[in-house]
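Okay, so here's the structure we're looking at.
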Amino acid sequence: MAKSKKLSLGRGLDAILGDVEMAYTKEFESGKKDFVLEISVDKIKPNPYQPRKYFDETAISELSASIKRHGLIQPIIVFKKDDEYVLIAGERRLRAVKLLGNSTIKAIVADIESKNLRELALIENVQRQDLNPMELANSYKELIDEYKITQDDLSDIIKKSRSQITNTLRLLTLLDKTKEALSDNKISQGHAKVLVGLDKENEEEVLNTIIGQKLSVRQTEDLVKKIKNGKKLGIKKEKLDFNFISEIKNLKTKLSNFGKISIKDRKISIEFKDINEIKKLIDKIS
1 MAKSKKLSLG RGLDAILGDV EMAYTKEFES GKKDFVLEIS VDKIKPNPYQ PRKYFDETAI
61 SELSASIKRH GLIQPIIVFK KDDEYVLIAG ERRLRAVKLL GNSTIKAIVA DIESKNLREL
121 ALIENVQRQD LNPMELANSY KELIDEYKIT QDDLSDIIKK SRSQITNTLR LLTLLDKTKE
181 ALSDNKISQG HAKVLVGLDK ENEEEVLNTI IGQKLSVRQT EDLVKKIKNG KKLGIKKEKL
241 DFNFISEIKN LKTKLSNFGK ISIKDRKISI EFKDINEIKK LIDKIS
C-alpha cells in the first residue's frame, strides 16, 4: 500500500506536467483552444490543501501591474469539479488578475484525478514558490507522512538535497514561540537552525536575546556555544543580607546631600548640583 502511494506521488507530478506541456503545444503551435479556456474568476475555488498561508501583497501588486501591461503570459492550472474549478497552480497570478478587476482568466484545465490534488499542490509549491521556512517544513512533513516516503525519496521528487530537507524538518522541533518569530521574520532561518537542539528554557532565552539585542547569526552561534559549554546568560545576582541592604540605604541618604544619587548592581552614580558639592564630598572623604 505504501509502495503504491509512493509511485502515485511521482506519477501525479508527471501527469500534471504532461498536461501542461500538451496544453501549451496545442495552444501555441496548432492554435487549438481545447485545453486553454477563459474561466470566470468567481468559479475558481482555492485548493483546500494549499500549503502557502501568506502572500506578499506588494509582490502581488507588482505582478498585477505587469499583467496589465503585457497580459497573462502563463495560464493558471485548474481541475474541473462539477460546475466549478479547483486551483492547482498559479494562485499569485489569480490574485493579481482579481486585483485588476478582471472577471475572467486564462486557464489550463488539467485532466487529472481529484485524489492527486493534494500531492500536486504540495509538490508544485515546494518546487516553485518561496514558502516561508515553517510552511516549507510543514509541507515536507505532510508529504512524508501522507505518502509514506523517506527523506531520500522526497529529495529525488522535489530535487532538493537531503541535508536541506533534514535541516528544514528540524525546525518543527522548535518552540511555538520560535516558529512564530521565524514565520513573522523576527528571526532568520539561520538563527532558527542554531536554536535547534537547545533545551526549551535556553531556546526561549536565546530567542528573546536575538530579538531584543538584534543578534546576527554569528553572534547567536557564539552565544549558543557558550551555553553548551556550561556558561549561563546574564550576571548572577548576589544574595544580599538585611544588614548590607540597610547600609546601602544609609549610604544613599548621606550621598544625596551632595546631589542626585543612583545605586544599581555594583555601580554608584552621583549627579552633583554644582562644583562646590564635589569639593565638599572630597573634603568629607579625604
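Mapping of the sequence shown onto UniProt numbering: position 117 corresponds to residue 117, and the numbering continues sequentially without gaps.
No residue lacks a Cβ here, since even glycine has one placed at the ideal position from N, Cα and C.
All values reported here derive from a predicted model rather than from experimental measurement.
First through last residue of the alpha helix (DSSP H) which encompasses serine 183: Per DSSP, serine 183 belongs to the alpha helix (DSSP H) from 176-183.
Is the separation between the beta-carbon of glutamate 203 and that of threonine 178 shorter than 8 Å? With contacts defined by Cβ atoms closer than 8 Å, glutamate 203 and threonine 178 form a contacting pair.
Provide the residue(s) that pair with glutamate 205 in DSSP beta bridges, ordered along the chain. In the DSSP output, where bridge partners are listed per residue, glutamate 205 has none listed.
Contact under 8 Å by Cβ, isoleucine 211 with lysine 186: Yes, the pair counts as a contact, with Cβ atoms nearer than the cut-off.
Distance, Cα to Cα, lysine 284 vs valine 206? If you draw a straight line from the Cα of lysine 284 to the Cα of valine 206, it is about 47 Å long.
Who are the Cβ neighbours of serine 262 in its own chain at under 7 Å, not counting the five residues just before and after it? These residues qualify, in order along the chain: Ser269.
Where proline 75 falls, given that 16 or more other Cβ within 10 Å makes a residue buried: Proline 75 should be labelled buried.
State the start and end residues of the unbroken beta strand (DSSP E) segment that holds isoleucine 268. Counting along the chain, the beta strand (DSSP E) containing isoleucine 268 begins and ends at 267-272.
Establish whether the CB of lysine 200 and some CB of chain D are separated by less than 8 Å. Checking the listed chains, one finds no chain D in this structure; it contains a single protein chain.
Please classify glutamate 91 as buried or exposed, where buried requires at least 16 neighbouring CB atoms within 10 angstroms. With 16 or more Cβ atoms within 10 Å of its Cβ, glutamate 91 is classed as buried.
Along the chain, which unbroken stretches of the alpha helix (DSSP H) at least 4 residues long are found entirely within the stretch 62-114? List check, alpha helix (DSSP H) in window: 91-100.
Is the beta carbon of leucine 63 less than 8 Å from the beta carbon of alanine 110? Remark: C-beta atoms of leucine 63 and alanine 110 do not approach each other more closely than 8 Å.
Please report the residue range of the alpha helix (DSSP H) in which leucine 154 lies. For leucine 154, the enclosing alpha helix (DSSP H) stretches over residues 151-158.
Considering only their Cβ atoms, is the gap separating leucine 94 from isoleucine 105 smaller than 8 Å? With contacts defined as CB atoms closer than 8 Å, isoleucine 105 and leucine 94 qualify as a contacting pair.
Cβ-based burial, glutamate 238 [other Cβ within 10 Å; buried from 16]: Note that glutamate 238 scores 49 on pLDDT, short of 50, meaning its location in the model is unreliable and no value can be drawn from it.
According to DSSP, is isoleucine 144 helix, strand or coil? It is helical.
Let me make sure I understand the geometry here. Which of Ile282, Ile248, Glu247 has the alpha-carbon closest to that of phenylalanine 258? Distances from the CA of phenylalanine 258 to each of Ile282, Ile248, Glu247 were compared; the closest alpha carbon is that of Ile282.
DSSP three-state label for isoleucine 187, please. DSSP places isoleucine 187 in coil when its eight states are reduced to three.
Buried or exposed, going by whether 16 or more other CB atoms sit within 10 Å of the CB of isoleucine 39? Under a 10 Å Cβ-count criterion, isoleucine 39 is classified as buried, with 16 or more other Cβ atoms of the shown protein chains found around its own Cβ.
Got a sec? Which residues, its chain only, sit under 6 Å from glutamate 84 by beta carbon, not counting five neighbours each side? Excluding residues within five positions, the ones whose Cβ falls inside 6 Å are Lys43, Lys45.
Of the listed residues Leu100, Phe55, Glu135, Thr168, nearest to valine 41 (C-alpha basis): Selected option, being the one with the closest Cα: Leu100.
Per DSSP, cross-strand counterpart(s) of lysine 45: For lysine 45, DSSP records a beta bridge to Val86.
Can you tell me the Cα-Cα spacing of phenylalanine 272 and asparagine 250, whole angstroms? In a straight line, the C-alpha of phenylalanine 272 is about 18 Å away from that of asparagine 250.
Would you identify the three-state DSSP class for lysine 228, choosing helix, strand or coil? Residue state, collapsed to three classes: helix.
Through-space distance from histidine 70 to phenylalanine 55, alpha-carbon basis: So the alpha carbons of these two residues sit roughly 22 Å apart.
In chain order, what residues of the same chain have a beta carbon less than 6 Å from the beta carbon of glutamine 189, not counting five sequence neighbours either side? In the same chain as glutamine 189, and ignoring 5 residues on each side of it, the C-beta atoms closer than 6 Å to its own belong to Pro133, in chain order.
Name the DSSP bridge partner or partners of isoleucine 39? For isoleucine 39, which the question treats as bridged, DSSP gives the partners Ile105.
Cα-Cα separation between aspartate 153 and lysine 226, rounded to whole angstroms: Taking the straight line joining both Cα atoms gives about 37 Å.
Between the C-alpha atoms of residue 290 and isoleucine 149, what's the straight-line distance to the nearest angstrom? No statement about residue 290 is possible, as the shown extent of the chain runs from 1 to 286 and does not include it.
Applying the criterion that 16 or more other CB atoms from any shown protein chain within 10 Å of the CB defines a buried residue, is alanine 137 buried or exposed? The residue is buried, with at least 16 neighbouring Cβ atoms inside 10 Å.
Paired residues, beta bridge with serine 161 - DSSP: In the DSSP output, where bridge partners are listed per residue, serine 161 has none listed.
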